[in-house]
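Each residue of the sequence shown is one higher than the last, beginning at 30 in the numbering used here.
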Amino acid sequence: MAATKKRSRFFETRYFGFVIAAGVICLLLSGKHLTRIPDWLELRTLDIHFNLKTESGSRQIREGVIRTNQNPGVSPDIVILGIDFNSLNTFGRWPFPRYRHANLLDALSHIQNQEDRENAVLLDIFFVEPDTREAVNDALLSTSMRNNGRVFLETVLDLLPPPAGAEDEFFGRQELMYETMG
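This is the structure in structure tokens:
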């Protein structure tokens, strides 16, 4: 009588599929926490998406004639100045000193033809703490904002008031900027 070898229930399809799925999930979770690959992939995907969304091109048809194609969903009136690796290599570590922002606002203010100037500048940066490098940088930024006359700052809008006694901590620095701008 020949002995038939019976396979373990562990290797049956319905059970082994769960084992493979659990192994893949564990591998993905450990890969997310032990490597920077998922973060890198996410950043690259966002870069590609942004580039495709804002894609525009131009080509020269003949001497002095250039045809420009621009994404109709993106207004040419809006310019976003992002802080990328080139900015960090050029200007140093983030956060930049306040005089860097002041220099940008001054450059915009000194555009020769005031009709070609920006209508508004939104600084999407919280200036909630004093500049730790040099106090004069706060004064330079405040003066540049006043001279530009078209600057808006990021602010905190919340339906709930801050905890008792924390108002100064949360809003003190911005209130000082508003007071000096007024």
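Where is the CB? At the ideal position from N, CA and C, for every residue including glycine.
Check	Outcome
Distance between LYS82 and ARG175 (C-alpha atoms, nearest Å)	34 Å
For SER171, the nearest candidate out of ALA131, VAL108, GLY52, TRP123 (CA to CA)	ALA131
Cα-Cα separation, GLY178 to SER138	9 Å
CB of SER87 within 9 Å of CB of ARG73, strictly	no
Simplified DSSP assignment, three categories, for ILE107	coil
Near the ligand ADP: GLN89 beta-carbon under 8 Å from a heavy atom	This structure lacks the ligand ADP; in fact it carries no ligand of any kind.
Host alpha helix (DSSP H) of ILE66 (start-end)	66-82
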